[in-house]
Structure formats: C-alpha cells, structure tokens
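For the sequence shown, the working numbering assigns the number 335 to the initial residue and increments by one for each residue that follows.
Yeah, the Cβ is synthetic: ideal placement off N, Cα and C, and Gly gets one too.
Note that the coordinates shown come from a computational prediction; the quantities given were computed from them, not determined experimentally.
Report on the structure given below.
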Amino acid sequence: MRSNFRPNIRLATNILLVIGTFGIALKIAPIAELHQEKNLCIKYLKHQINRDKIIKRLKIVKQANPSSICDSILKS
C-alpha cells in the first residue's frame, strides 16, 4: 500500500503559499492606495488633470480646496 504522506505535504505547502500570497496582498493594498493618491495629487499640482477629476477620484466635496488636501496627502 502506498503512503499519502508526500502528496499531503505538497498539498499543505500549496495551501500555505496561497494563504501567504493573499496575506501579503492585503498588507500592500493600503500602501498602494496611498501612492495612487499621491500620484494623483502630483498630477493635479502640475496641472495635468483638472479640478473636477481630482474631486471625483479622491471623493471629496466640491467646496473643498483640492490644493490644501493634496498638500496634506503629500506630507504623509
């Protein structure tokens, strides 16, 4: 009779690799979001995108000043 030890170890290793990959992805997501906001603010300050587009993407109210919001984002 053949032992199932090696296939079970291989299966367990693959499951742990998948769990680890998702764990890393979940930790990186907030960092990526912050950098996307920073890049968006840099484009706004260089006049590469307009005011309406940054308001829509950052989900801020229209009365807010995007320049001051971008300054606080870039400082963080």
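Asked: Do I383 and K377 have their CB atoms nearer than 8 Å?; Found: yes
Asked: Please state the DSSP three-state secondary structure of I362.; Found: helix
Asked: Consult DSSP for K390 and reduce its assignment to one of helix, strand or coil.; Found: helix
Asked: Taking the continuous alpha helix (DSSP H) assigned at S402, which residues delimit it?; Found: 400-409
Asked: On the premise that L350 lies in contact with C375, defined as a C-beta separation below 8 Å, what is that separation, rounded to the nearest angstrom?; Found: Not really, about 39 Å apart at Cβ, beyond 8 Å.
Asked: Between I394 and G357, what straight-line distance do the alpha-carbon atoms span, to the nearest angstrom?; Found: 30 Å
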